Amino acid sequence: MKYTLLFIFLFGMAHANLGTFDKEGRFIYPETNKPYTGNLDVINNDWGKDAVEFNKNYVDGILHGTEKSYYKSGKLKSVGKFNQGKVNGIVTGYYEDGSVQVIAYFDNGIKQGRVVHYYPNGNRQQEQLYTNDELDGMHTTWYENGKPMETMPYSRGLAHGIGRTYYETGGVFEEVKFKYGTPKFIRVFTEDGKLSEQKGFLDKKIIERIVG
Numbered sequence: 194m195k196y197t198l199l200f201i202f203l204f205g206m207a208h209a210n211l212g213t214f215d216k217e218g219r220f221i222y223p224e225t226n227k228p229y230t231g232n233l234d235v236i237n238n239d240w241g242k243d244a245v246e247f248n249k250n251y252v253d254g255i256l257h258g259t260e261k262s263y264y265k266s267g268k269l270k271s272v273g274k275f276n277q278g279k280v281n282g283i284v285t286g287y288y289e290d291g292s293v294q295v296i297a298y299f300d301n302g303i304k305q306g307r308v309v310h311y312y313p314n315g316n317r318q319q320e321q322l323y324t325n326d327e328l329d330g331m332h333t334t335w336y337e338n339g340k341p342m343e344t345m346p347y348s349r350g351l352a353h354g355i356g357r358t359y360y361e362t363g364g365v366f367e368e369v370k371f372k373y374g375t376p377k378f379i380r381v382f383t384e385d386g387k388l389s390e391q392k393g394f395l396d397k398k399i400i401e402r403i404v405g
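Throughout the sequence shown, residue numbering follows my numbering, covering 194 to 405 in sequence.
The structure is reproduced here in structure tokens:
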């Protein structure tokens, strides 16, 4: 099973278009040649005149305060806060229609707790648990109809326990047992619940297929 983090953190991607940075990483505003303090709109000229893609707040050249990103349409895309250059608190991403796409929590740049992604219809798409920036706990992915797609327990950033993938009808398709990232056995089931394959293994090719 290979899990891909869907959440793409948008903040900070456009800094280089604004000006330069000094050796301490502070943003230097080109009109004053000094570390910038204040609110700043980042314009995307490809979107049209005065089209804002990001709104940022700086204190002495360091991101501090609320930061927002926008779609080309002007609709809000994401919002979060920085504390002395580090993401801090709840970050929320939105679909263009305004519905929530993802909610995550950061503690001074470190992911902590629950990260939840949503389908446009409002159903959960993926849920992950983090401890100090590492996956720790049950990772779950759902089909758009609300039925589970994948479940995988993690410990200290590594798959640990029995992970399962599911048919869209709800039955278990595959079970793989992991011990701190190393697969130990696999079971495959037919859609009506019958065991079709079972093996323990040390085969490197099989391990690579499972862990991706």
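Glycine included, C-beta positions come from ideal geometry on N, C-alpha and C.
This structure is a prediction, so every number in the text was calculated from the model and none was measured.
If you count every other CB in all the chains shown that lies within 10 Å of the CB of residue i, and 16 or more means buried, which is it?
| i | result |
| --- | --- |
| S262 | buried |
| K156 | Since the first residue shown for the chain is 194 and the last is 405, residue 156 is missing from the structure and cannot be characterised. |
| K270 | buried |
| E224 | exposed |
| L388 | exposed |
| D290 | exposed |
| D329 | buried |
Check for me: the beta strand (DSSP E) holding residue i runs from which residue to which?
| i | result |
| --- | --- |
| E368 | V365 to K372 |
| R380 | T375 to F382 |
| E320 | R317 to T324 |
| N281 | Per DSSP, N281 belongs to no beta strand (DSSP E) and is neither H nor E. |
| W335 | G330 to W335 |
| Q391 | L388 to G393 |
| D300 | V293 to D300 |
Just tell me which of the options has its CA closest to the CA of residue i.
| i | options | result |
| --- | --- | --- |
| G241 | M342, S266 and E337 | S266 |
| G254 | V272, N237, E246 and N226 | N226 |
| I236 | R357, P228 and V245 | V245 |
| T362 | D385, I296 and H332 | D385 |
| G184 | M331, L328 and Y360 | Residue 184 lies beyond the range of the chain shown here (194 to 405); nothing can be said about it. |
| M342 | Q321, G330, V365 and L328 | V365 |
Measure the CB-CB distance between residue i and residue j and report whether it falls below 8 Å.
| i | j | result |
| --- | --- | --- |
| G410 | Y298 | Not covered by the structure: residue 410. The range shown for the chain is 194 to 405. |
| F302 | V284 | Residue identity differs from the one stated: residue 302 is Gly in this sequence, not Phe. No, Cβ-Cβ distance for G302 and V284 is not below 8 Å. |
| Y323 | V309 | no |
| G278 | L256 | yes |
| W335 | Q321 | no |
Tell me which same chain residues have a C-beta within less than 8 Å of the C-beta of residue i, skipping the five on either side of it?
| i | result |
| --- | --- |
| F378 | V369, K370, Q391, K392, G393 and F394 |
| S292 | Y311, P313 and G315 |
| D300 | N281 |
| D215 | I221, P228 and G254 |
Give me, in chain order, the residues of the same chain whose beta-carbon lies closer than 6 Å to that of residue i; leave out the 5 immediate sequence neighbours on both sides.
| i | result |
| --- | --- |
| G258 | N250 |
| E354 | Here residue 354 turns out to be Gly, not Glu, going by the sequence shown. Correct list, in chain order: P346. |
| E367 | T358 and V381 |
By Cβ distance below 7 Å, which residues in the same chain neighbour residue i in space, the five residues on each side in sequence not counted?
| i | result |
| --- | --- |
| D326 | I303 and K304 |
| Y288 | Q294 and P313 |
| D234 | V245 and N248 |
| K372 | H353 |
| R219 | P228, D253, G254 and I255 |
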